[in-house]
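**Student:**
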Amino acid sequence: MSVGGGAPQRRVHVVTWGCQMNVYDSERIADVLAADGWQMAEDASDANLVVLNTCHIRERAAEKVFSELGRLRRLKEARAAEGRQLRLAVAGCVAQAEGEEILARAPFVDVVLGPQTYHRLPGLLARAEREGAVIDTDFPAETKFDFLPEARARTGGPVAFLAIQEGCDKFCSFCVVPYTRGAEMSRPAAAVIAEARTLVRRGAREITLLGQNVNAWRGEAPGGKNWSLAELLRALAGIEGVARLRYTTSHPRDMDEGLIAAHRDLPALMPFLHLPVQSGSDAVLKRMGRKHRGADYLRIVEKLRAARPDIALSSDFIVGHPGESEADFEATLALVRAVGFAQAFSFKYSPRPGTPAANAADQVPEKDKKARLAALQALLREQQIRFNQAMVGRRMSVLFAGAGRKAGQAVGRSPYLQPVHVDAPAGPLALVGQIREVRILSALPNSLSATLDREEPAFACQT
Ligand code: SAH
Ligand code: SF4
Ligand code: F3S
């Protein structure tokens, strides 16, 4: 079946797994397709193209792709029996890492494309129509960012992501990202500033800058200068309408003095930082190739707290990396106790094909990984609850982004990224896009509930 430009039968459903960069990429995939006449479908059953934007970070993440493909195969066959078409595209990091395997195991897939080639998706779909399954996992010399349409397919909300950096040159022993995303690249400052202005025009009040190593961003800047992330943040904070800025994910090694000073100087820069440490043991950090020690991390935290005393910290941890002893794990617990995290993600080490740690002889038994993860998560959860409870009675600003789960409630985020629920007498949607002062009434492990402090919006949505 051929489809005409803008014809209503061009409906695409995009499924996203993985990190926030993938969420951003899915939005841009939607933009690319919208420019080619596709409309968004909320569900696969309502679409004639399904794009799976995949994650390869741990084994479980990659397995999900194949089980979802099994389901979509049945849907595709049912459609074919009715004489209708369903096309399937697999994008993202599993596509990059296992492109050939996807086509071998799931020959009913039409297009396989990596994270650097999704701007080519319309052309690839046309080619698949003519020639059968196609695969494009190049790392092209040209950057996709130069080919992405400006308009955004989905309506903008008050909270937006903006990719400024991609890829990784650090090659931690356990990690697939340098292989799936390629070498580190930074977008020029002018392109980032232009996209931030577009996001503000579309209603964004908070922008989160994204990159696999976002604080390694170094960009060409106006006047032939070369900026670091601190300078970019200063420029973005100066854009009218940008009320809040965040950036993620950072590497401790690139946490320079200028960036720490930006936390002191820029009120728009929110006092919350996701700074993965992975382990508290110097021996394990060395094996991981992290290029920092536990003490370096503690020093950075100290400096950040001196610059911005209320800064809340988040992190990622891996337990059971090859060679991790019980004493190494204890060092991780000690680091967690020394820092005090507001929230964190923790994972059992998952061997990834092609990464150095996967071939190490001294793999940690599953039962030890499981016990260590449970112990670490109990401690992190205790810290998170303590952090949330310390908010009770305090006043703070919340950027409201939508309706809460309970009727008549709105939900937004605190400066420290906690979801905050309030009763919204005028209806939850009336609050969307506003930054309002609230008083925290109570704390749950994962969210806060609050009451609006006063009737006048501290910052009203102008668009
Ligand atoms: N760029 C970020 C991490 C991106 S991956 C950084 O450098 O910190 C997100 C998280 O997944 C990592 O921080 C790590 O904790 C986890 N992770 C990565 N590879 C993993 C693996 N093989 N097994 C378990 N967790 C892993
Ligand atoms: Fe992966 Fe390490 Fe690069 Fe982070 S810094 S993306 S963990 S290789
Ligand atoms: Fe996953 Fe790729 Fe992000 S492996 S975590 S989607 S960079």
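Using the numbering used here, the first residue of the sequence shown is number 1344, and each one after it goes up by one. All residues carry an ideal CB built from backbone N, CA and C; glycine is no exception.
1) Tell me whether A1793 sits in a helix, a strand or coil according to DSSP, three-state version.
2) Would you kindly work out how many angstroms separate the C-alpha atoms of A1350 and H1356, rounded to a whole number?
3) Taking N1731 as part of the alpha helix (DSSP H), name the residues at either end of that continuous run.
4) Would G1770 be called buried (16 or more neighbouring beta carbons within 10 Å of its own) or exposed?
5) Could you tell me if the beta carbon of R1524 falls within a distance shorter than 7 Å of some heavy atom in the ligand F3S?
6) Taking a cut-off of 6 Å, which residues have a beta-carbon closer than that to any heavy atom of the ligand SAH, in chain order?
7) Assuming P1492 and D1374 form a contact by the criterion Cβ under 8 Å, report the distance between their Cβ atoms to the nearest whole angstrom.
8) Can you check which of these residues, R1422, K1419, Y1461, is closest to Q1439 by C-alpha distance?
9) What residues in its chain sit with their C-beta under 7 Å from that of A1701, if we drop five residues either side in the sequence?
10) Taking the alpha helix (DSSP H) that V1543 falls in, what are its first and last residues?
11) Just to check, is the beta-carbon of C1515 closer than 7 Å to a non-hydrogen atom of the ligand F3S?
12) Within 10 angstroms of the Cβ of A1559, are there 16 or more other Cβ atoms? Answer buried if so, exposed if not.
13) Relative to the C-alpha of M1734, which candidate in S1571, R1782, P1531 has its C-alpha closest?
14) Could you have a look at M1344 and say whether DSSP puts it in helix, strand or coil?
15) Using a Cβ-Cβ cutoff of less than 7 Å, which residues in the same chain neighbour L1716 once the five nearest sequence positions on both sides are dropped?
16) Would you mind stating whether A1793 and V1754 have Cβ atoms separated by less than 8 Å?
17) Please state if the CB of V1557 and the CB of I1507 are separated by a distance shorter than 8 Å.
18) In chain order, what residues of the same chain lie with their CB nearer than 7 Å to the CB of V1477, ignoring the 5 residues before and after it?
19) Going by other Cβ atoms of all chains shown within 10 Å of its Cβ, with 16 needed for buried, is A1655 buried or exposed?
20) Compute the distance between the beta-carbons of T1480 and G1510, then report whether it is under 8 Å.
21) Where does the unbroken beta strand (DSSP E) through M1739 begin, and where does it stop?
22) Does the structure place the segment 1514-1522 close enough to the segment 1559-1576 that three or more beta carbon pairs sit under 8 Å?
23) Taking the alpha-carbon positions, what's the P1501 to R1548 distance?
24) Is any non-hydrogen atom of the ligand SF4 found closer than 7 Å to the C-beta of C1511, if you look at the structure I gave you?
25) At which residues does the alpha helix (DSSP H) containing E1425 begin and terminate?
26) Return yes when the Cβ of A1573 is within less than 8 Å of the Cβ of L1618, no when it is not.
27) Would the beta-carbon of G1442 be found less than 7 Å away from any heavy atom of the ligand HEM?
28) Can you tell me whether DSSP reads R1401 as helix, strand or coil?
29) Going by CA-CA distance only, name the one from N1365, A1404, R1463 that's closest to G1435.
30) Return the first residue and the last residue of the beta strand (DSSP E) that R1553 is part of.
31) Mind checking L1787: buried by the 16 CB within 10 Å criterion, or exposed?
32) Does the ligand F3S have a heavy atom nearer than 7 Å to the CB of G1457?
33) Hey, could you find the ends of the alpha helix (DSSP H) P1465 is sitting in?
34) Which residue marks the beginning of the beta strand (DSSP E) containing Y1759, and which one marks its end?
35) Under three-state DSSP, which class holds M1613?
36) How should Q1726 be labelled, buried or exposed, when 16 other C-beta atoms within 10 angstroms of its C-beta is the threshold for buried?
**Tutor:** In brief:
1) Sequence index remark: in the sequence shown, residue 1793 carries index 450 (1-based). Note: A1793 maps to strand in three-state DSSP.
2) Counting from 1 along the sequence shown, the entry for residue 1350 is found at position 7. Counting from 1 along the sequence shown, the entry for residue 1356 is found at position 13. With a pLDDT of only 47 at A1350, under the threshold of 50, the placement of this residue in the model should not be trusted; the figure read from the coordinates follows. In a straight line, the C-alpha of A1350 is about 16 Å away from that of H1356.
3) As a position in the sequence shown, residue 1731 is number 388, starting the count at 1. Taken as a continuous stretch (DSSP letters only), the alpha helix (DSSP H) holding N1731 covers 1709-1732.
4) As a first step, residue 1770 must be located in the sequence shown, where it is residue number 427. Result: exposed.
5) As a position in the sequence shown, residue 1524 is number 181, starting the count at 1. Checking the Cβ of R1524 against the ligand F3S gives yes.
6) I1400, R1401, F1517, C1518, V1520, Q1555, N1556, T1592, H1594, P1619, Q1621, D1659, I1661, F1690, Y1692, S1693, R1695
7) Taking the sequence shown and counting its residues from 1, one reaches residue 1492 at position 149. Taking the sequence shown and counting its residues from 1, one reaches residue 1374 at position 31. Confirmed, Cβ separation roughly 5 Å.
8) Position 96 of the sequence shown, counted from the start, is the residue given in the question as residue 1439. Per the Cα distances, Y1461.
9) The residue you call residue 1701 lines up with position 358 of the sequence shown. So the qualifying residues of the chain are P1694, R1695.
10) Counted from its first residue, the sequence shown places residue 1543 at position 200. Its alpha helix (DSSP H) spans residues 1532-1544.
11) Position 172 of the sequence shown, counted from the first residue, corresponds to residue 1515. Result no, Cβ not under 7 Å from the ligand F3S.
12) Here residue 1559 refers to the residue found at position 216 when the sequence shown is read from its first residue. So A1559 ends up on the buried side.
13) Counting from 1 along the sequence shown, the entry for residue 1734 is found at position 391. Here the closest residue by C-alpha is R1782.
14) Your numbering for residue 1344 matches position 1 in the sequence shown. With a pLDDT of 40 at M1344, under the threshold of 50, the predicted position of this residue should be treated as unreliable, though the coordinate-derived value follows. Three-state DSSP puts M1344 in coil, outside helix and strand.
15) Numbered from 1 along the sequence shown, position 373 holds the residue referred to as residue 1716. Excluding residues within five positions, the ones whose Cβ falls inside 7 Å are V1662, S1689, K1691.
16) Within the sequence shown, numbered from 1, the residue matching residue 1793 stands at position 450. Within the sequence shown, numbered from 1, the residue matching residue 1754 stands at position 411. No. Outside cutoff.
17) Residue mapping note: residue 1507 aligns to position 164 of the sequence shown, counting from 1. Residue mapping note: residue 1557 aligns to position 214 of the sequence shown, counting from 1. Closer than 8 Å, so yes.
18) Taking the first residue of the sequence shown as 1, we reach residue 1477 at position 134. Cβ within range, chain order: V1454, L1467, R1470, A1471.
19) Indexing the sequence shown from 1 puts residue 1655 at position 312. Label assigned to A1655: buried.
20) Residue 1480 sits at position 137 when you count from the first residue of the sequence shown. Residue 1510 sits at position 167 when you count from the first residue of the sequence shown. Contact flag unset, no.
21) Within the sequence shown, numbered from 1, the residue matching residue 1739 stands at position 396. 1738-1746 is the span of the beta strand (DSSP E), which, as asked, contains M1739.
22) no
23) To locate residue 1501, count along the sequence shown from 1; it is residue 158. To locate residue 1548, count along the sequence shown from 1; it is residue 205. Each residue's alpha carbon lies about 5 Å from the other.
24) Taking the first residue of the sequence shown as position 1, residue 1511 is located at position 168. Because some heavy atom of the ligand SF4 lies under 7 Å away, the Cβ of C1511 counts as near it: yes.
25) Translated into positions along the sequence shown, residue 1425 becomes position 82. Per DSSP, E1425 belongs to no alpha helix (DSSP H) and is neither H nor E.
26) Start at 1 with the first residue of the sequence shown, and residue 1618 comes out as number 275. Start at 1 with the first residue of the sequence shown, and residue 1573 comes out as number 230. No, the Cβ-Cβ distance between L1618 and A1573 is not below 8 Å.
27) The ligand HEM is not part of the structure shown, which contains the ligand SAH, the ligand SF4 and the ligand F3S as its ligands.
28) For the purposes of this step, residue 1401 is taken as residue 58 along the sequence shown, with counting starting at 1. DSSP places R1401 in coil when its eight states are reduced to three.
29) Sequence index remark: in the sequence shown, residue 1435 carries index 92 (1-based). When only C-alpha atoms are compared, the closest one is N1365.
30) Numbered from 1 along the sequence shown, position 210 holds the residue referred to as residue 1553. Here residue 1553 turns out to be Leu, not Arg, going by the sequence shown. Unbroken beta strand (DSSP E) run through L1553: 1549-1553.
31) Locating residue 1787 in the sequence shown gives position 444, where the first residue counts as 1. Per the 10 Å Cβ criterion, exposed.
32) Here residue 1457 corresponds to residue number 114 of the sequence shown, with the count starting at 1. Answer for G1457: no, Cβ out of range of the ligand F3S.
33) Position 122 of the sequence shown holds residue 1465. Start and end: 1464-1474.
34) Residue 1759 sits at position 416 when you count from the first residue of the sequence shown. Per DSSP, Y1759 belongs to no beta strand (DSSP E) and is neither H nor E.
35) Taking the sequence shown and counting its residues from 1, one reaches residue 1613 at position 270. M1613 falls in the coil class under three-state DSSP.
36) Taking the sequence shown and counting its residues from 1, one reaches residue 1726 at position 383. So Q1726 ends up on the buried side.
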